[in-house]
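Participant: I'd like to ask you about the structure that follows.
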Amino acid sequence: MQVVQTDIVVVGGGGAGLRAAIAVAESDPRLRVALVSKVVPMRSHTVAAEGGSAGVVRDDDSLDSHFDDTVGGGDWLCDQDVVEYFVAHCAEEMVQLEHWGCPWSRKDDGHINVRFFGGMKFQRTWFASDKTGFHMLHTLFQTSHKYPPIKRYDEYFCADLIVEDGRVQGVVAIDIATGEFLLLECKAAIICTGGAGRVFGQNTNAGIVTGDGMGMAYHHGVPLRDMEFVQYHPTALPGSGVLITEGCRGEGGILTNKDGYRYLQDYGLGPLDPWPRPKAMELGPRDRLSQAFWYEEQKGRTVSTPLGQVVLLDLRHLGAAKIHERLPLITEVAKTFMGIDPVVSPIPVRPAVHYSMGGIPCNAHTETPLKGLYAAGECSSVGIHGANRLGSNSLAELVVFGKVAGDRAAQYVKAAPAPRSGAAAAQADAVEKRLLGMLGRDKGDRLATIRDEMHQAMDTGVGIFRKADTMQATCANLAKLRDRYRSGLKLDDRNRAFNTEWLSAIELGFTLEIAEVIAQSALNRKESRGAHTRLDEFKERDDENYLKHTLAYRTGDGPPRIEYAPVTITKSPPKTRVYGGEGKKAELT
Amino acid sequence: MADTRTIEIEVLRYNPEKDAEPHFETFQVPFTNDTSVLQGLLYIKDHLDGSLTFRWSCRMAICGSCGKMVNGKPELSCHTFLRDYYPGKVRIEPLSHFPVLRDLVIDQRDFTEKKLPAIKPYIVPGNPQPLSAGTYVQTPQQFHKYYQYSQCINCLLCYAACPQYGLKPDFAGPAVLALLHRYNADSRDRGWEERAEVLNAEEGVWGCTLVGYCSEVCPKGVDPAHAINQNKVNSTMDYFGVLKFLMPRGGS
Numbered sequence: 075m076q077v078v079q080t081d082i083v084v085v086g087g088g089g090a091g092l093r094a095a096i097a098v099a100e101s102d103p104r105l106r107v108a109l110v111s112k113v114v115p116m117r118s119h120t121v122a123a124e125g126g127s128a129g130v131v132r133d134d135d136s137l138d139s140h141f142d143d144t145v146g147g148g149d150w151l152c153d154q155d156v157v158e159y160f161v162a163h164c165a166e167e168m169v170q171l172e173h174w175g176c177p178w179s180r181k182d183d184g185h186i187n188v189r190f191f192g193g194m195k196f197q198r199t200w201f202a203s204d205k206t207g208f209h210m211l212h213t214l215f216q217t218s219h220k221y222p223p224i225k226r227y228d229e230y231f232c233a234d235l236i237v238e239d240g241r242v243q244g245v246v247a248i249d250i251a252t253g254e255f256l257l258l259e260c261k262a263a264i265i266c267t268g269g270a271g272r273v274f275g276q277n278t279n280a281g282i283v284t285g286d287g288m289g290m291a292y293h294h295g296v297p298l299r300d301m302e303f304v305q306y307h308p309t310a311l312p313g314s315g316v317l318i319t320e321g322c323r324g325e326g327g328i329l330t331n332k333d334g335y336r337y338l339q340d341y342g343l344g345p346l347d348p349w350p351r352p353k354a355m356e357l358g359p360r361d362r363l364s365q366a367f368w369y370e371e372q373k374g375r376t377v378s379t380p381l382g383q384v385v386l387l388d389l390r391h392l393g394a395a396k397i398h399e400r401l402p403l404i405t406e407v408a409k410t411f412m413g414i415d416p417v418v419s420p421i422p423v424r425p426a427v428h429y430s431m432g433g434i435p436c437n438a439h440t441e442t443p444l445k446g447l448y449a450a451g452e453c454s455s456v457g458i459h460g461a462n463r464l465g466s467n468s469l470a471e472l473v474v475f476g477k478v479a480g481d482r483a484a485q486y487v488k489a490a491p492a493p494r495s496g497a498a499a500a501q502a503d504a505v506e507k508r509l510l511g512m513l514g515r516d517k518g519d520r521l522a523t524i525r526d527e528m529h530q531a532m533d534t535g536v537g538i539f540r541k542a543d544t545m546q547a548t549c550a551n552l553a554k555l556r557d558r559y560r561s562g563l564k565l566d567d568r569n570r571a572f573n574t575e576w577l578s579a580i581e582l583g584f585t586l587e588i589a590e591v592i593a594q595s596a597l598n599r600k601e602s603r604g605a606h607t608r609l610d611e612f613k614e615r616d617d618e619n620y621l622k623h624t625l626a627y628r629t630g631d632g633p634p635r636i637e638y639a640p641v642t643i644t645k646s647p648p649k650t651r652v653y654g655g656e657g658k659k660a661e662l663t
Numbered sequence: 010m011a012d013t014r015t016i017e018i019e020v021l022r023y024n025p026e027k028d029a030e031p032h033f034e035t036f037q038v039p040f041t042n043d044t045s046v047l048q049g050l051l052y053i054k055d056h057l058d059g060s061l062t063f064r065w066s067c068r069m070a071i072c073g074s075c076g077k078m079v080n081g082k083p084e085l086s087c088h089t090f091l092r093d094y095y096p097g098k099v100r101i102e103p104l105s106h107f108p109v110l111r112d113l114v115i116d117q118r119d120f121t122e123k124k125l126p127a128i129k130p131y132i133v134p135g136n137p138q139p140l141s142a143g144t145y146v147q148t149p150q151q152f153h154k155y156y157q158y159s160q161c162i163n164c165l166l167c168y169a170a171c172p173q174y175g176l177k178p179d180f181a182g183p184a185v186l187a188l189l190h191r192y193n194a195d196s197r198d199r200g201w202e203e204r205a206e207v208l209n210a211e212e213g214v215w216g217c218t219l220v221g222y223c224s225e226v227c228p229k230g231v232d233p234a235h236a237i238n239q240n241k242v243n244s245t246m247d248y249f250g251v252l253k254f255l256m257p258r259g260g261s
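Taken in sequence, the protein lines are chains A and B. So in the numbering used here, the last one in the first sequence is 663, and the numbering has no gaps at all. So in the numbering used here, the last one in the second sequence is 261, and the numbering has no gaps at all.
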C-alpha cells in the first residue's frame with residue numbers, strides 16, 4: 075500500500091474542510107495538510123445551500139439577540155459557551171469571505187445586504203442571491219489554490235481512521251480512479267464530512283451525504299451526540315426533495331393550504347398581522363413549520379398532487395424583478411422540476427429531511443473525545459444547534475469552526491509525537507483486506523434493497539412526529555438490516571477502478587449504523603424538544619430529566635449504548651419557546 | 010403515480026480492466042413525466058446493472074458533477090428529462106474531448122489540476138485591508154462587471170462543446186477564461202498582470218475561434234464566449250500598452 079506522510083489530514087472538502095485547510099496553511103506554512111475528499115471539493119454539498127449565512131452587522135441587531143434566537147431556536151439544548159463564541163465570530167468570517175471574493179448581495183450603496191430568516195429577530199443573514207452555499211464553496215475552493223501547503227487528494231474515499239496509542243495516527247483512503255488503497259500517516263485529522271441526510275428517503279441532500287465521517291469516528295469509540303434531532307426543512311419539492319430556500323420566506327413569501335388560507339396562524343405562529351414581522355408566521359423556525367404541515371395533512375387541508383400532499387409557497391406578490399434578483403436559483407429549479415414559474419404560480423412544497431443537528435461531539439475548540447481528532451461542520455456536534463437549528467447558522471458554522479479546527483489542529487501537531495509507522499501499516503492492511511472482501515461475494519442482498527428498506531424504516535419511524543411503537547418497529551427493522559448487511563451484499567461490480575457500487579456499499583455500512591443511532595436515541599428521549607416531537611405520552615419538554623445531550627456509543631453488532639451528558643448553560647435558563655404574538659411590522663430590505 | 014412509460018437508454022460502456030474498446034449497451038427503463046436522465050441512470054444502477062459507472066451528486070444542477078453527452082449534446086443529466094426524448098431512444102456518452110476513466114466518467118484533472126490553478130483563481134489584493142476594516146464597497150456597476158462570470162459551476166459542458174479544446178487540449182478553454190475574467194473584472198482584485206501570461210498566450214483567448222457553442226450549452230448563463238471576446242480586446246490593448254491607462258486597477 076502506498077504511504078504518504080503528512081501532518082494533518084482534513085477529511086472532506088466542503089466549506090468546513092476548505093476553511094480548516096486554509097487555516098492550517100495560514101497558521102504555519104511549514105505544516106503539511108492533506109485535503110482528502112471523495113468528490114472534487116467544489117462538488118461538495120455546501121454547494122447546494124441557498125438562503126444565506128448569519129452574522130450580526132446591523133445597528134439594530136446585537137450579538138445577544140443572535141445568541142437568544144439561537145439558544146431559544148435550539149430549545150435550550152445548545153451549549154451556551156459555544157454559542158457565545160459562535161455569534162461573536164460569524165461576521166468576521168463573512169468579512170473574510172468577502173475579502174476572498176465572495177459575491178455577497180449588496181445594497182445600492184455598495185455595502186453588503188442582509189435578509190430575514192426563520193427564527194431570527196433581525197435581518198442578519200448574509201446572502202449571495204439564493205446560491206449562497208455555491209458562492210461560499212467556490213470562493214473557498216478557488217482561494218485554497220493560494221496555499222501551497224494544501225495538498226489535495228480529489229476523489230479519494232476515506233474508509234477508516236488509524237487509531238493507535240489512543241490517538242489518531244492516520245487515515246486510510248481509496249483512490250477512486252484506480253481502487254488502490256492509500257495510507258496517510260498524520261498526527262491529527264479533522265473530520266468535515268457533512269451530515270447524514272441520506273439515511274432518510276425523503277431528503278434535500280446530495281447523494282454524497284452519507285455520514286461517512288460520523289461512522290468512522292463512531293467505529294473508533296467516539297460517541298455520536300444528539301442524533302435524534304433531525305431537521306425537516308418545511309419547503310422542499312415533492313418527489314425529488316429538492317430544496318426551496320427559506321430565503322423565499324425571508325423575502326416575504328407566504329405559505330397557504332388548499333383553501334388559500336395561511337394555516338400557520340393556527341399553530342402558535344400568528345396572528346397574521348402585521349406582516350411581515352420576525353419570528354412569526356412564515357418566519358417561524360423550521361421544526362414548527364414542518365409540524366404544522368403534518369397537522370394540515372391530517373386535517374385534509376393540503377393539496378393532492380401526483381407526487382403526494384403539498385402546501386403552496388406563494389411568491390407572486392414579490393413581483394418578477396425581486397424574484398429574479400433575489401431568488402434566481404429556485405425560479406430555475408421550480409421551472410425545471412415542476413414546470414412552474416414562481417412569478418405567476420405558487421410553488422408546491424412539503425417537508426423533507428434536511429440537516430443533522432447532532433454529530434461527532436466536540437468542544438468549542440473542535441476537539442473530540444479522541445486525541446488528535448477534530449470535527450467541524452454538519453458532521454460535528456459542537457453545541458450551537460441544540461434541538462433545532464436556525465436557518466443560516468450552518469453556513470456560518472462551517473467557516474467559524476472550520477477555522478478553529480485548522481488553528482487548533484495546527485497547534486496540536488507541533489507538540490504531538492510522530493505516528494508509529496509499523497502499527498499504522500498493519501491496521502491499514504486489515505482495513506484493505508476487509509473492504510476488498512466485499513467485492514467477491516456471490517450471494518446476498520442487492521445494495522438498493524437494503525438502502526430502500528432503511529429509507530422506509532426511517533421515514534415511517536423517526537419522521538416529523540414520533541411514537542414509541544413505531545420507533546420500536548424501526549429499531550427492530552434496522553437491527554435486521556444490519557444483520558443482512560453484515561452477512562454480505564452481492565455486488566454486480568467486481569472491479570477496482572472507479573467502482574462506485576463498492577463505495578456506496580461501504581457508505582451504506584456507515585449509514586445503517588447512523589440510522590440505528592438516530593432511532594435508538596429518539597426512542598430513549600422520553601420528551602418532546604425541538605425537532606424531536608412525540609405524539610405518545612411524552613408530548614412535553616422535560617427539563618428535569620432531559621435537558622441533556624444524548625451520547626450513543628457503539629457496542630459492536632448490537633444497538634448503541636445510550637448515555638447522557640450535561641448541557642452548558644451560561645446566561646439563558648430554559649424558558650418556553652414563543653413565536654408569533656404581538657410585534658411590529660418589519661421593513662424588508 | 011402518473012403514467013409510467015418505458016424508454017430505451019443506450020449507454021457507452023468502457024471498463025479499462027476488461028475492454029479493449031468502448032461499446033454501447035441498451036437498457037429498458039421505466040419513467041414518468043418527471044424522471045430526469047440522471048434518475049434513469051440511477052434506475053439502471055439500482056435494478057439492472059450495479060456496475061454502470063457515472064458521477065452525480067446534488068441532482069439540482071448546482072454541483073456540476075453529472076455532465077454527459079445526451080444524444081450528442083453536452084447536458085447536465087439531472088436537468089434533462091427522459092420525457093423529452095420519448096418515443097425515441099436516449100444515447101448517453103461521457104463528455105466529449107476528455108479521456109474516459111470508465112463508462113461515463115471522464116478524467117477531469119486537466120481542468121482541476123492544470124488549467125484552473127494556472128489562472129490564479131482568487132483575489133490578488135493590491136493593498137489588502139484588515140478584516141477589522143470591514144467589507145470592501147462595490148457599487149452595483151462594479152458588481153455586475155464580474156458577477157455573471159462567478160456563476161460557473163465547473164461542469165465542463167463548455168469543454169465538451171468546444172471544438173478547439175477537442176483539437177488542441179492545451180487551449181485554456183471557456184470556463185477557465187471566464188473565471189480569469191471574473192477575477193480580472195473584480196474591483197477588489199489587482200492580479201491582472203499575474204494572469205496576463207495565460208490570457209495573452211496562444212492557448213489563452215487567442216486559441217478561441219469564436220464558435221460560441223460553449224455559451225449555448227452553459228447551464229448557468231455564464232456566456233464564456235463573451236468573456237473571451239472581451240479579453241481579446243483587452244489582450245490587444247495590453248499588447249499596445251494602453252490597458253493600464255484604461256483600467257485603473259491594471260497594475261496600479
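Glycine included, every Cβ here is placed at the ideal spot set by N, Cα and C.
Within the same chain, show all residues whose beta-carbon is closer than 7 Å to that of glutamine 154 of chain A, passing over the 5 residues directly before and after it, in chain order.
Facilitator: Numbered from its first residue, the first sequence carries residue 154 of chain A at position 80. Counting only Cβ-Cβ distances below 7 Å, and skipping sequence neighbours, we find Val145, Thr642, Ile643, Thr644, Lys645, Ser646.
Participant: Could you pull out every residue in the same chain whose Cβ sits closer than 7 Å to the Cβ of serine 602 of chain A, ignoring the five residues on either side in sequence?
Facilitator: By one-based count along the first sequence, residue 602 of chain A stands at place 528. Arg608, Phe612, Lys613, Glu614, Arg615, listed in sequence order.
Participant: Identify whether lysine 98 of chain B lies in helix, strand or coil by the three-state DSSP scheme.
Facilitator: Translated into positions along the second sequence, residue 98 of chain B becomes position 89. Three-state result, lysine 98 of chain B: coil.
Participant: Take alanine 262 of chain A and list the residues in its own chain whose beta-carbon comes closer than 8 Å to its own, dropping the five residues that flank it on each side.
Facilitator: On the first sequence, position 188 is the one that residue 262 of chain A refers to. Asp81, Ile82, Val83, Val242, Gly446, Leu447, Tyr448, Ala483, Tyr486, Val487, Ala490.
Participant: Can you look up leucine 464 of chain A in the DSSP assignment and give me helix, strand or coil?
Facilitator: Position 390 of the first sequence, counting from 1, holds the residue named residue 464 of chain A. Note: leucine 464 of chain A maps to coil in three-state DSSP.
Participant: Taking only three categories from DSSP, how would you classify leucine 211 of chain A?
Facilitator: In the first sequence, counting from the first residue as 1, residue 211 of chain A sits at position 137. Of the three classes helix, strand and coil, the one that applies to leucine 211 of chain A here is helix, per DSSP.
Participant: Taking phenylalanine 215 of chain A and leucine 92 of chain A to be in contact with their CB atoms under 8 Å, please state how far apart those CB atoms are, rounded to whole angstroms.
Facilitator: As a working mapping, residue 215 of chain A is identified with position 141 in the first sequence. As a working mapping, residue 92 of chain A is identified with position 18 in the first sequence. Confirmed, Cβ separation roughly 6 Å.
Participant: Check the Cβ-Cβ distances between glutamate 527 of chain A and every residue of chain B, and say whether any is below 8 Å.
Facilitator: For the purposes of this step, residue 527 of chain A is taken as the residue at position 453 of the first sequence. False, the Cβ-Cβ gap to chain B never drops below 8 Å.
Participant: From which residue to which residue does the alpha helix (DSSP H) around threonine 245 of chain B run?
Facilitator: The residue you call residue 245 of chain B lines up with position 236 of the second sequence. Run containing threonine 245 of chain B: 233-248, per the alpha helix (DSSP H) assignment.
Participant: From proline 402 of chain A to tyrosine 131 of chain B, what does the alpha carbon distance come to, in whole angstroms?
Facilitator: For the purposes of this step, residue 402 of chain A is identified with residue 328 of the first sequence, where counting begins at 1. For the purposes of this step, residue 131 of chain B is identified with residue 122 of the second sequence, where counting begins at 1. Approximately 25 Å between the Cα atoms of the pair.
Participant: In terms of residue numbering, what span does the beta strand (DSSP E) encompassing alanine 449 of chain A cover?
Facilitator: Reading the first sequence from its first residue, position 375 is the one you call residue 449 of chain A. Counting along the chain, the beta strand (DSSP E) containing alanine 449 of chain A begins and ends at 447-449.
Participant: Which residues of chain A have a Cβ atom closer than 7 Å to the Cβ of asparagine 163 of chain B, listed in chain order?
Facilitator: As a working mapping, residue 163 of chain B is identified with position 154 in the second sequence. Simply Met116.
Participant: Determine, using beta carbons only, whether proline 664 of chain A comes closer than 8 Å to chain B.
Facilitator: Absent from the structure is residue 664 of chain A, since the part of chain A shown begins at 75 and ends at 663.
Participant: For my contact list, leucine 329 of chain A and glutamate 356 of chain A are in at a C-beta cut-off of 8 Å; report their separation, rounded to the angstrom.
Facilitator: In the first sequence, counting from the first residue as 1, residue 329 of chain A sits at position 255. In the first sequence, counting from the first residue as 1, residue 356 of chain A sits at position 282. Between glutamate 356 of chain A and leucine 329 of chain A the Cβ distance is about 6 Å, and since that is below 8 Å, they are a contact.
Participant: If you measure from the beta carbon of valine 121 of chain A to each beta carbon in chain B, is any gap under 8 Å?
Facilitator: Within the first sequence, numbered from 1, the residue matching residue 121 of chain A stands at position 47. Judged by the 8 Å Cβ criterion, valine 121 of chain A is in contact with chain B.
Participant: Alpha carbon to alpha carbon, how far is valine 131 of chain A from valine 169 of chain A? Give it in angstroms, no decimals.
Facilitator: Here residue 169 of chain A refers to the residue found at position 95 of the first sequence. Here residue 131 of chain A refers to the residue found at position 57 of the first sequence. When rounded, the distance between both Cα atoms is 10 Å.
Participant: Mind reading off the beta-carbon distance from arginine 570 of chain A to threonine 217 of chain A? Whole number of angstroms is fine, and I expect it under 8 Å.
Facilitator: If you number the first sequence from 1, residue 570 of chain A lands on position 496. If you number the first sequence from 1, residue 217 of chain A lands on position 143. That pair is no contact at about 34 Å.
Participant: Taking only beta-carbon atoms, is valine 415 of chain A less than 8 Å away from chain B?
Facilitator: By one-based count along the first sequence, residue 415 of chain A stands at place 341. Checking the sequence, you will find aspartate at residue 415 of chain A rather than valine. No - not a single Cβ of chain B is within 8 Å of the one on aspartate 415 of chain A.
Participant: Do leucine 91 of chain B and glycine 49 of chain B count as a contact pair if the criterion is CB distance below 8 Å?
Facilitator: Walking along the second sequence from the start, residue 49 of chain B turns up at place 40. Walking along the second sequence from the start, residue 91 of chain B turns up at place 82. Cβ atoms of glycine 49 of chain B and leucine 91 of chain B: closer than 8 Å.
Participant: Checking 8 Å against the spacing of the C-beta atoms, do threonine 267 of chain A and cysteine 453 of chain A come in under that value?
Facilitator: Against the first sequence, residue 267 of chain A aligns to sequence position 193. Against the first sequence, residue 453 of chain A aligns to sequence position 379. Taking 8 Å as the Cβ cut-off, threonine 267 of chain A and cysteine 453 of chain A qualify as a contacting pair.
Participant: In the DSSP output, which residue or residues are listed as bridge partners for glutamine 383 of chain A?
Facilitator: The count along the first sequence starts at 1 and reaches residue 383 of chain A at position 309. DSSP lists A/Ser378 as partners of glutamine 383 of chain A.
Participant: Could you name the residues of the stretch 210-221 of chain A whose beta carbon sits closer than 7 Å to any beta carbon of chain B, in the order they occur along the chain?
Facilitator: Going along the stretch 210-221 of chain A in chain order, one finds Gln216, Thr217, His219, Lys220 with a Cβ nearer than 7 Å to chain B.
Participant: Need the endpoints of the beta strand (DSSP E) that valine 169 of chain A sits in, please.
Facilitator: In the first sequence, counting from the first residue as 1, residue 169 of chain A sits at position 95. Valine 169 of chain A -> not in any beta strand (DSSP E); alpha helix (DSSP H) instead, spanning 154-173.
Participant: Find the nearest neighbour of tyrosine 230 of chain A within the set A/His185, A/Ile282, A/Gly193, A/Val237, judged by alpha-carbon distance.
Facilitator: Sequence index remark: in the first sequence, residue 230 of chain A carries index 156 (1-based). That would be A/Ile282, whose Cα lies nearest to the Cα of tyrosine 230 of chain A.
Participant: Do glutamine 305 of chain A and asparagine 462 of chain A come within 8 Å of each other at the CB atom, strictly closer than that value?
Facilitator: Looking up residue 462 of chain A in the first sequence gives position 388. Looking up residue 305 of chain A in the first sequence gives position 231. A contact, by the Cβ cut-off of 8 Å.
Participant: Between the stretch 462-479 of chain A and the stretch 117-133 of chain A, are three or more C-beta pairs nearer than 8 Å?
Facilitator: A contact exists between the stretch 462-479 of chain A and the stretch 117-133 of chain A.
Participant: Just the chain A side, please: which residues come within less than 8 Å of glycine 143 of chain B by C-beta, in chain order?
Facilitator: Working through the second sequence from its first residue, we reach residue 143 of chain B at position 134. Within chain A, the residues near glycine 143 of chain B are Val169.
Participant: Below 7 Å CB to CB, which residues in the same chain sit around leucine 211 of chain A once its five sequence neighbours on both sides are set aside?
Facilitator: Your numbering for residue 211 of chain A matches position 137 in the first sequence. The answer, listed in chain order, is Gly88, Gly89, Met116, Ser118, Thr120, Val121.
Participant: If we count the other Cβ atoms within 10 Å of its Cβ and call it buried at 16 or more, is glutamine 501 of chain A buried or exposed?
Facilitator: Sequence index remark: in the first sequence, residue 501 of chain A carries index 427 (1-based). The residue in question, glutamine 501 of chain A, is buried, as its Cβ has 16 or more Cβ neighbours within 10 Å.
Participant: To the nearest angstrom, how far is the alpha carbon of threonine 206 of chain A from that of serine 468 of chain A?
Facilitator: Taking the first sequence and counting its residues from 1, one reaches residue 206 of chain A at position 132. Taking the first sequence and counting its residues from 1, one reaches residue 468 of chain A at position 394. So the two alpha carbons sit approximately 12 Å from each other.
Participant: Quick one: does methionine 10 of chain B have its CB under 8 Å from some CB of chain A?
Facilitator: Counted from its first residue, the second sequence places residue 10 of chain B at position 1. With a pLDDT of only 47 at methionine 10 of chain B, under the threshold of 50, the placement of this residue in the model should not be trusted, and no figure is reported.
Participant: Strictly below 8 Å CB to CB, what residues from chain A border threonine 245 of chain B?
Facilitator: As a position in the second sequence, residue 245 of chain B is number 236, starting the count at 1. Here the premise fails: no neighbours, minimum Cβ distance about 27 Å.
Participant: Strictly under 8 Å for the Cβ-Cβ distance: is phenylalanine 303 of chain A near chain B by that measure?
Facilitator: The count along the first sequence starts at 1 and reaches residue 303 of chain A at position 229. Not closer than 8 Å to any Cβ of chain B, the Cβ of phenylalanine 303 of chain A fails to qualify, so no.
Participant: In chain A, which residues lie less than 7 Å from glutamine 157 of chain B when you measure between Cβ atoms?
Facilitator: Along the second sequence, read from residue 1 onward, the residue named residue 157 of chain B stands at position 148. Under the 7 Å cutoff, chain A gives no residues; its nearest Cβ is about 10 Å from glutamine 157 of chain B.
Participant: Is valine 78 of chain A close to chain B, meaning its C-beta is less than 8 Å from at least one C-beta of that chain?
Facilitator: Working through the first sequence from its first residue, we reach residue 78 of chain A at position 4. It does not: the Cβ of valine 78 of chain A has no partner Cβ on chain B nearer than 8 Å.
Participant: How is tyrosine 23 of chain B classed by DSSP in three states: helix, strand or coil?
Facilitator: By one-based count along the second sequence, residue 23 of chain B stands at place 14. Tyrosine 23 of chain B: coil per DSSP, three-state reduction.
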